[in-house]
Amino acid sequence: MSKIVRGMASILYPLIAVFGGYLVLHGHLTPGGGFQGGAVVASAIALAVVAYGSGLYKKGIFSGFESFGLLLFIALGFVGMSCYFFTNVFANTGTIVLFGQVVSYGTTSPPFFSGGTVPMMNMAVGFEVVGGLSLIILALAQASFDDETEVEKEVEKEVGL
Amino acid sequence: MLWQLPFIVSALLVIIGLYICIAKTNLIKMVMGVSLMESGANLFLVSLGYRKGGIAPIYTSSPGGEMVMPTPQALTLTSIVIGVATTALMLSFIVMMYKHYRTCDARKARRLRG
Amino acid sequence: MRRSVAFVGLLIVAASLLYAAYYMRGFGEPEHTAMDDYFINNAQNETGASNVVTSIVFDYRGYDTLGEATVLFSAVTGVLVAVRRSLKRGMDVEKGMDAKKDNGGDGS
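Protein chains in written order, with my numbering: chain C, 1 to 161; chain S, 1001 to 1114; chain Y, 2001 to 2108.
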């Protein structure tokens, strides 16, 4: 792609990634959540792939993101196994480290470290959606490499058409 | 009639998507028609849970008042993600079919031996 | 012949969908709201999250979200299986073209 497209893509890429991270992290206070924020970060990676070509990223790191996200989500389901699967044992207990500050009915400015397992599940699903959608984009971009037309273009350039 | 407008618009989206799937033979246009039908169904789900004069179901900095119903919004999230998964699989099959048959027309990609 | 039968069927489906959309229950007056009233009144006490939609998706109905994450994972696996042969051939051709460009640049 031309210089203008590559320059603007490298300026916009960290801004979009930070906005997607904000949507994932504040999913229990404002509109957002794991799926929405993960889709925004994947669109930033799609912008980089369109501007710089499909050989930019290796597929191994996104495969690691996706597997780590799904395994963390299932492990968080087993944490509350004392009552039943997917119990929220950390909500409204009082600690700060495990997202447990108390929120009563009708609060209009709740603290950040509240919610129990809900923000942890937001981050796990965010990892999984980023890895999954980026893998789809990279695989389709690398599979559309039509070797017949590319070899014809190389031959035409060498002959001098 | 004007007051039922969101339901009529979602029915129109489904009808237009169905017409595209029947009348067009290009494979990528068929994928667009299926995506339109999914958008119509999601719009119908979200517009079922509206209350007159309601605000968003979020407690942070809310101005106070009656809230709209939050359950159809949660179900629509799942439906959108499943639509994305279906569209991604359909597009990957179209890429493979183009490499094999060298055409994107549904009437010409019919040989079973290959 | 087959396409005219298809269009007649489309007209019947369109007429029934528009009739159902016009004679539905009024927009903005839901009837059975007991479950949603319970969710709105008790979400902050029981889950601690101030966003009621997120608390429904991840706490009250977390099992549906587990199924949805599994569907996304298996769709990505299906895409990677379907394009597997083209990935290997594409990467080999790219490596060959890069090697040719390096040799041509050094030679000329």
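All C-beta atoms, glycine included, are put in the ideal place defined by N, C-alpha and C. Computed from a predicted model, the values in this text were never measured in an experiment.
Status (buried if at least 16 other CB within 10 Å, exposed otherwise) for residue i
i                 : result
Pro1072 (chain S) : buried
Ser10 (chain C)   : exposed
Ile2012 (chain Y) : exposed
Val1084 (chain S) : buried
Leu1005 (chain S) : exposed
Val49 (chain C)   : buried
Ser109 (chain C)  : exposed
Thr2070 (chain Y) : exposed
Val159 (chain C)  : exposed
Pro14 (chain C)   : exposed
Tyr2060 (chain Y) : buried
Gly131 (chain C)  : buried
Gly2107 (chain Y) : Because the pLDDT of Gly2107 (chain Y) is 46, which lies under 50, any placement of that residue in the model is unreliable, and the number read from its coordinates should be weighed accordingly. Exposed, because fewer than 16 other Cβ atoms sit within 10 Å of the Cβ of Gly2107 (chain Y).
Met1069 (chain S) : buried
Gly53 (chain C)   : exposed
His28 (chain C)   : buried
Val24 (chain C)   : buried
Ile45 (chain C)   : buried
Phe2007 (chain Y) : exposed
Val100 (chain C)  : Here residue 100 (chain C) turns out to be Gly, not Val, going by the sequence shown. So Gly100 (chain C) counts as buried.
Thr2054 (chain Y) : buried
Glu2068 (chain Y) : buried
Gly33 (chain C)   : buried
Met8 (chain C)    : exposed
Gly2105 (chain Y) : Because Gly2105 (chain Y) sits at a pLDDT of 47, beneath the cut-off of 50, its placement in the model cannot be relied upon, and the point is left open.
Nearest-angstrom beta carbon gap, residue j and residue i [assumed within contact, 8 Å]
i                 : j                 : result
Gly38 (chain C)   : Val129 (chain C)  : 3 Å
Gly2028 (chain Y) : Lys1052 (chain S) : 4 Å
Asn86 (chain C)   : Gly2062 (chain Y) : The sequence shown places Phe at residue 86 (chain C), rather than the Asn named in the question. That belief holds up - the Cβ atoms of Phe86 (chain C) and Gly2062 (chain Y) are roughly 4 Å apart, short of 8 Å.
Phe78 (chain C)   : Met121 (chain C)  : With 8 Å as the limit, Phe78 (chain C) and Met121 (chain C) do not qualify as a contact, their Cβ atoms being about 13 Å apart.
Thr2065 (chain Y) : Ala91 (chain C)   : Not quite, the Cβ-Cβ distance comes to about 17 Å (not below 8 Å), so this is no contact.
Leu2010 (chain Y) : Tyr1101 (chain S) : Not really, about 28 Å apart at Cβ, beyond 8 Å.
Thr1025 (chain S) : Arg1110 (chain S) : Thr1025 (chain S) to Arg1110 (chain S), Cβ: 12 Å. No contact.
Ala989 (chain S)  : Ala2021 (chain Y) : Absent from the model: residue 989 (chain S). The displayed extent of chain S is 1001 to 1114, so no value can be given.
Candidates the options: closest to residue i by CA position
i                 : options                                    : result
Thr1087 (chain S) : S:Cys1104, S:Met1096, S:Met1032            : S:Met1032
Glu1038 (chain S) : S:Thr1060, S:Leu1013, S:Asn1026            : S:Leu1013
Gly1054 (chain S) : S:Val1046, S:Gly1017, S:Gly1064, S:Met1090 : S:Gly1064
Leu1043 (chain S) : S:His1100, S:Leu1077, S:Arg1110, S:Lys1108 : S:Leu1077
Ile2056 (chain Y) : Y:Asp2036, Y:Leu2080, Y:Ala2015            : Y:Asp2036
Lys58 (chain C)   : C:Ala139, C:Tyr105, C:Gly116               : C:Ala139
Leu213 (chain C)  : C:Gln36, C:Phe62, C:Ala124                 : Nothing in the structure corresponds to residue 213 (chain C), since chain C is present only between 1 and 161.
Tyr1059 (chain S) : Y:Tyr2023, Y:Ala2034, Y:Tyr2022, Y:Asn2042 : Y:Asn2042
Val2052 (chain Y) : C:Leu56, C:Thr30, C:Ala44                  : C:Thr30
Met1096 (chain S) : C:His26, C:Gln142, C:Ala44                 : C:Gln142
Val1034 (chain S) : S:Ile1082, S:Ala1074, S:Leu1048, S:Leu1045 : S:Ile1082
Asn88 (chain C)   : C:Ser54, C:Gly116, C:Phe35                 : C:Gly116
Leu2080 (chain Y) : S:Tyr1098, S:Tyr1101, S:Phe1093            : S:Phe1093
Ser2 (chain C)    : C:Gly33, C:Gly21, C:Val24, C:Ala51         : C:Ala51
Leu76 (chain C)   : Y:Gly2078, Y:Val2083, Y:Phe2058            : Y:Phe2058
Phe65 (chain C)   : C:Gly94, C:Gly7, C:Val41, C:His26          : C:Val41
Arg6 (chain C)    : C:Tyr22, C:Phe90, C:Leu56, C:Phe145        : C:Leu56
Met1047 (chain S) : S:Phe1007, S:Ala1074, S:Met1090, S:Ile1080 : Before going on, a small fix: residue 1047 (chain S) reads as Ser here, not Met. Nearest C-alpha to Ser1047 (chain S): S:Phe1007.
Tyr22 (chain C)   : C:Gly126, C:Leu135, C:Phe145               : C:Gly126
Glu2031 (chain Y) : S:Leu1089, S:Tyr1050, S:Tyr1019            : S:Tyr1050
Gln2044 (chain Y) : C:Ala17, C:Gly32, C:Val102                 : C:Val102
Glu1066 (chain S) : C:Gly106, C:Phe19, C:Phe145, C:Cys83       : C:Gly106
The ligand HEM heavy atom lying under 6 Å from the CB of residue i
i               : result
Gly20 (chain C) : For the structure depicted, the ligand HEM is absent and the ligand set is empty, with no information on it obtainable.
At a CB distance below 8 Å, what residues from the stretch 1045-1060 of chain S approach chain Y? Give them in sequence order.
Ser1047, Leu1048, Gly1049, Tyr1050, Arg1051, Lys1052, Pro1057, Ile1058, Tyr1059, Thr1060
Against chain C: residues of the stretch 2044-2067 of chain Y by CB proximity under 9 Å
Gln2044, Asn2045, Glu2046, Thr2047, Gly2048, Ala2049, Ser2050, Asn2051, Val2053, Thr2054, Ser2055, Val2057, Phe2058, Asp2059, Gly2062, Tyr2063, Thr2065, Leu2066
Which parts of the stretch 31-114 of chain C are runs of the alpha helix (DSSP H), unbroken and 4 residues or longer, counting only runs that do not cross its ends?
34-52, 60-79
Where are the alpha helix (DSSP H) runs, 4 residues long or more, that stay fully inside the stretch 1027-1071 of chain S, in chain order?
1027-1046
Positions along the stretch 34-52 of chain C whose CB lies within less than 8 Å of some CB in chain S:
Phe35
Selection of the stretch 1090-1103 of chain S by Cβ proximity to chain C, strictly under 7 Å:
Leu1091, Ser1092, Val1095
Give, in chain order, every residue of the stretch 1003-1026 of chain S whose Cβ lies closer than 9 Å to some Cβ of chain Y.
Trp1003, Gln1004, Leu1005, Pro1006, Phe1007, Ile1008, Val1009, Ser1010, Ala1011, Leu1012, Val1014, Ile1015, Leu1018, Tyr1019, Ile1022, Ala1023
Pull out every residue of the stretch 4-29 of chain C whose Cβ sits closer than 8 Å to any Cβ of chain S, in chain order.
Leu29
Members of the stretch 57-88 of chain C that neighbour chain S once the beta carbon cut-off is set at 7 Å
none
I'd like the ranges of any alpha helix (DSSP H) spanning at least 4 consecutive residues and lying wholly in the stretch 2009-2039 of chain Y.
none
The stretch 114-130 of chain C: positions lying closer than 9 Å to chain Y by Cβ:
Ser114, Gly115, Gly116, Thr117, Val118, Pro119, Met121, Asn122, Ala124, Val125, Glu128, Val129
Residues of the stretch 2011-2031 of chain Y with Cβ closer than 8 Å to any Cβ of chain S, in chain order
Val2013, Ala2014, Leu2017, Leu2018, Ala2020, Ala2021, Tyr2022, Met2024, Gly2026, Phe2027, Gly2028, Glu2029, Pro2030
Would you list, in chain order, the members of the stretch 1066-1084 of chain S that have their beta-carbon closer than 7 Å to a beta-carbon of chain C?
Leu1077, Val1081
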